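Everything on this sheet refers to the single structure shown next.
Protein chains: 2
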Amino acid sequence: MLNDILDNSHNYQPGLSIDCVIFGFHDNQLKVLLIKVNQNNKWSLPGGFIPINEDIDTAAVTVLNQRTGVEGVFLRQFGAFGNVKRNEHHFDKKVFKSLKIDPEKGKWLTQRFVTLGYYALVDFLKTIPNSGQYETAEWIDHKEVPELILDHKEILDKALDTLRTELNLMPVGYNLLPEKFTIPELQKLYETILDRKLDRRNFFRKITNIGILVKLDEKKNNVAHKAPYLYSFDKEKYDEVLKNGLNQGW
Amino acid sequence: MLNDILDNSHNYQPGLSIDCVIFGFHDNQLKVLLIKVNQNNKWSLPGGFIPINEDIDTAAVTVLNQRTGVEGVFLRQFGAFGNVKRNEHHFDKKVFKSLKIDPEKGKWLTQRFVTLGYYALVDFLKTIPNSGQYETAEWIDHKEVPELILDHKEILDKALDTLRTELNLMPVGYNLLPEKFTIPELQKLYETILDRKLDRRNFFRKITNIGILVKLDEKKNNVAHKAPYLYSFDKEKYDEVLKNGLNQGW
DNA sequence: CCAAAAGTGTTTAAAATACACCCATGC
DNA sequence: GCATGGGTGTATTTTAAACACTTTTGG
Chain A
1 MLNDILDNSH NYQPGLSIDC VIFGFHDNQL KVLLIKVNQN NKWSLPGGFI PINEDIDTAA
61 VTVLNQRTGV EGVFLRQFGA FGNVKRNEHH FDKKVFKSLK IDPEKGKWLT QRFVTLGYYA
121 LVDFLKTIPN SGQYETAEWI DHKEVPELIL DHKEILDKAL DTLRTELNLM PVGYNLLPEK
181 FTIPELQKLY ETILDRKLDR RNFFRKITNI GILVKLDEKK NNVAHKAPYL YSFDKEKYDE
241 VLKNGLNQGW
Chain B
1 MLNDILDNSH NYQPGLSIDC VIFGFHDNQL KVLLIKVNQN NKWSLPGGFI PINEDIDTAA
61 VTVLNQRTGV EGVFLRQFGA FGNVKRNEHH FDKKVFKSLK IDPEKGKWLT QRFVTLGYYA
121 LVDFLKTIPN SGQYETAEWI DHKEVPELIL DHKEILDKAL DTLRTELNLM PVGYNLLPEK
181 FTIPELQKLY ETILDRKLDR RNFFRKITNI GILVKLDEKK NNVAHKAPYL YSFDKEKYDE
241 VLKNGLNQGW
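Protein sequence lines correspond, in order, to chains A and B. Taking my numbering, the leading residue of the first sequence gets 1, the next gets one more, and so forth. Taking my numbering, the leading residue of the second sequence gets 1, the next gets one more, and so forth.
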C-alpha cells in the first residue's frame, strides 16, 4: 500500500499526513486502535496521506474507514503537529528494506512531515480492526498504551485531553455505545473518560435533564442482579445539543 | 517578500501555510487585524509560510511578530483548513503581474494549499500594524469585516467561535488589555466577545472569585463620572487557571 | 436469604440570577 | 443638581453535592 502511494506520490499532498486517534469503549475500558508494523517494536496511530484532490476531512474519513470498517462516526480534527524533527530518522535504509520500498521512491517519505490529528469515537462492537499485509491493528486500553513511534504519544494525549474538555461542552455516548444501553453503562463511559467516580444519583439527574435520552420499555437481559432499563438517544435532540453545546459558563 | 520566498521555495514546507486571526480590543470593539494587498479589492488574514526548519508554532509566532511587533502574546492553533479547492484560481497571471512575480517561480503558489489557523490575542495599544510595500494592514471591527479572500471568512468565524468557547474554559483579559485596567473594561471585553450584556454585579462577583485579579491603590484618571479602580492580573494565578481551566462540568 | 447492582427521593450547600441603593464626577 | 457610570449587598431561585433506603435478581 505504501508502495502504491510512492508510485503516485504526485497525487498526494507533500509533507502532510493524517493520524487518527480512534476511541472505542469496551469492558469498561476506553480503548484506542493502534497499529503495529510487523518487525517493528513500536506501535503507532493509524494514519494516512492526503490525496491531492480530496478535502482533508474526507481523507481522514478514508483512514478511519480503512481501519475500522465503520461509517458515519464522530470524527473531529483537534490539532496539527509540526515540530521540525518529528519524523527525522523515521524512515531509513533498513526500514525501506524491510518494507520492500525502493529507497529512491522512499525519499518522499523522508521529507519533513506535518500531521493533522483527528480523533474518532466509534462503536467498539461494530468495529473490525483491519490489519493489513504488513501490519497488525489492535484495540488497546488507553491506560496500557505501549511506546509509540514519533510524537504519537503526544498526539494521543492531546486527543484524550480534547475529548475530556469536549465532554463538558457536548454529549458523547451516541458514538461510543450500542444503540440500546443502560444508564450505568453510560456512567461508566463518563467515569472512564474522566478517570474518576461519579455519584450514581447525581449523574442520573444531570444526564436525564439534558433531554437526550429515551427510556425504552425493556430491561437488559441476562445480567446478574437487578436488571437495568435500556435507553437510547433521541438523535434529533442529541444533535441539537451537540450543535448548541451545554454548560455555557458566562 | 513573496519573491524572496519563491526564490527559496525549497526552504519552505510545500502546500502548507499559516493564517493568523489577530484579535485586539479597543473602543469597546473586538478588532481583527486584516491585510489588503494593494489593487486587490478583497482583504485577507495575515499569513505566511513555514520554513522547512521551523516548528509550525514558531512559524506562527514569526507571522504574528511581523504583523504586530508585539511579542510574548497568546497564540493558539485552532484548526487546519484544507478543502481541495480552497485556493484554486487564487494566483493567476494577472496577480503575478501586479505583484511582479515571475509566473514560472509563482507556480509554487498555485499548488493546493492547506492552511493552519492560529488565533492571537494582543494588546491593541502596544501593537503597530505593520504594512508592507505592497500591502496595508489595518484593525477592523469584527462586526464590520469586509469580504475576504479564499476561505478566510470561514477561518475567522471559526477563530471567534473557538475564542467564545475558550472563554468558558480559561480567563482571557491578560492578553487583550493593558497592564492596568478596570473591571468595567474587562466586562466590556467579555460582553464584546460574547456579543451580549452581562449583569455588572454578578460579573464582578464571578470574575473576582476566580482569584486572578489584584486591586490596585489607584483609580483611573480623567474619566467622566465616578472613577473606577484599576486592577491588574496576578500572573501566577492567572497562568495556573489557564492551565487547569475553569467551569469543569462533570 | 444474602450479596450486588439498580432505581429513586430528600436534605443541604453553593452558585447563578435578579434586583436597589449609594457614591463620585463632569457638565 | 442631575445624568451617568461605578461600587457594593441582599434576597431568591436554580443547580450541584451529599447522602440512604428500597427493589430486583442470581446463586
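Here a beta-carbon is modelled for each residue, glycine too, at the ideal position from N, C-alpha and C. In this text, all values refer to a predicted model and were calculated from it rather than measured experimentally.
Closest by C-alpha distance to residue i, when choosing among the options
i	options	result
Ile128 (chain B)	B:Lys243, B:Glu71 and B:Val172	B:Glu71
Ile5 (chain B)	B:Ser44, B:Gly24, B:Trp43 and B:Gly48	B:Gly48
Glu144 (chain B)	B:Trp43, B:Val122 and B:Val223	B:Trp43
Lys107 (chain A)	A:Asn222, A:Glu147, A:Asp239 and A:Asp7	A:Asp7
Lys206 (chain B)	B:Val223, B:Gln187 and B:Asp217	B:Gln187
Leu156 (chain A)	A:Leu2, A:His10, A:Cys20 and A:Val223	A:Cys20
Ile149 (chain A)	A:Lys158, A:Asn87, A:Leu99 and A:Lys94	A:Asn87
Leu121 (chain A)	A:Glu147, A:Phe74, A:Tyr134 and A:Phe204	A:Phe74
Gly249 (chain B)	A:Gln133, A:Trp250 and A:Thr165	A:Thr165
Gly69 (chain A)	A:Gly132, A:Ile183 and A:Lys97	A:Gly132
Tyr134 (chain B)	B:Asn38, B:Leu2, B:Lys243 and B:Asn3	B:Asn38
Val172 (chain A)	A:Asp195, A:Asp239, A:Asn222 and A:Arg200	A:Asp239
His90 (chain A)	A:Phe204, A:Ala224 and A:His152	A:His152
Ser98 (chain A)	A:Leu2, A:Glu54 and A:Lys243	A:Leu2
Asp195 (chain B)	B:Asp141, B:Pro146, B:Arg201 and B:Asn209	B:Asp141
Ala159 (chain B)	B:Phe96, B:Thr62, B:Ala224 and B:Arg76	B:Arg76
Asn41 (chain A)	A:Val61, A:Val63, A:Thr208 and A:Val95	A:Val95
Where residue i falls: helix, strand or coil (DSSP)
i	result
Asp7 (chain A)	helix
Arg76 (chain A)	strand
Ala266 (chain B)	Here chain B covers residues 1 to 250 and nothing more, so residue 266 (chain B) does not appear.
Leu156 (chain B)	helix
Asp102 (chain B)	coil
Gly173 (chain B)	helix
Phe25 (chain A)	strand
Trp250 (chain A)	coil
Asp195 (chain B)	coil
Gln13 (chain B)	strand
Asp239 (chain B)	helix
Asp19 (chain A)	strand
Val114 (chain A)	strand
Thr68 (chain A)	helix
Pro184 (chain A)	helix
Asp161 (chain A)	helix
Lys85 (chain B)	coil
Lys94 (chain A)	helix
Glu147 (chain A)	coil
Sequence-distant residues of its chain with Cβ nearer than 7 angstroms to residue i (five each side left out)
i	result
Ile50 (chain A)	Tyr12, Gln13, Leu16, Ile18, Ile56 and Ala59
Asn247 (chain A)	Asn168 and Leu169
Thr162 (chain B)	Phe78 and Tyr119
Thr182 (chain A)	Lys220, Pro228, Tyr229, Leu230 and Tyr231
Ile101 (chain A)	Leu2, Asn3 and Leu6
Lys197 (chain B)	Glu191
Cut-off 8 angstroms between Cβ atoms - residues of its own chain near residue i, not counting five sequence neighbours on either side
i	result
Glu192 (chain B)	The amino acid at residue 192 (chain B) is misidentified as Glu; the sequence shows Thr. Contacts found: Phe25, Asn28, Gln29 and Leu30.
Arg67 (chain A)	Cys20, Ile22, Leu33, Ile35, Pro46, Pro129, Asn130 and Ala137
Gly211 (chain B)	Asp234, Lys237 and Val241
Gly93 (chain A)	Reading off the sequence, residue 93 (chain A) comes out as Lys, not Gly. Result list for Lys93 (chain A): Pro103, in chain order.
Ile52 (chain B)	His10, Asn11, Tyr12 and Gln13
Glu154 (chain A)	Phe81
Asn65 (chain B)	Glu71
Pro184 (chain B)	Arg200 and Pro228
Nearest-angstrom beta carbon gap, residue j and residue i [assumed within contact, 8 angstroms]
i	j	result
Gly117 (chain B)	Gly79 (chain B)	5 angstroms
Leu176 (chain A)	Leu189 (chain A)	6 angstroms
Leu125 (chain B)	Pro178 (chain B)	6 angstroms
Val84 (chain A)	Glu147 (chain B)	Not quite, the Cβ-Cβ distance comes to about 36 angstroms (not below 8 angstroms), so this is no contact.
Within chain B, the residues that residue i reaches when beta carbons sit closer than 9 angstroms
i	result
Glu218 (chain A)	Those do not exist, as Glu218 (chain A) stays about 28 angstroms from chain B at its closest Cβ, beyond 9 angstroms.
Nonlocal neighbours in the same chain, by C-beta distance under 6 angstroms from residue i, ignoring five residues either side
i	result
Leu213 (chain A)	Tyr231
Gln111 (chain A)	Gly15
Leu109 (chain A)	Phe91
Thr115 (chain A)	Ser17, Asp19 and Phe81
Lys180 (chain B)	Leu230 and Ser232
Neighbour list for residue i in chain B, Cβ cutoff strictly below 7 angstroms
i	result
Trp250 (chain A)	Leu167, Asn168, Tyr190, Leu194 and Leu198
Leu16 (chain A)	Gly15, Leu16 and Val114
Cross-chain neighbours of residue i in chain A, by beta carbon under 7 angstroms
i	result
Glu54 (chain B)	Val84
Arg112 (chain B)	Gln13 and Ile52
Per-residue contacts from residue i into chain B (C-beta, under 8 angstroms)
i	result
Asn247 (chain A)	Asn168, Asn247 and Gly249
Leu150 (chain A)	Simply none; closest approach about 14 angstroms.
beta-carbon residue i near the ligand ATP non-hydrogen atom, thresh 6 angstroms
i	result
Phe96 (chain B)	This structure simply doesn't include the ligand ATP, nor any ligand for that matter.
Per-residue contacts from residue i into chain A (C-beta, under 8 angstroms)
i	result
Gln77 (chain B)	Gly79 and Ala80
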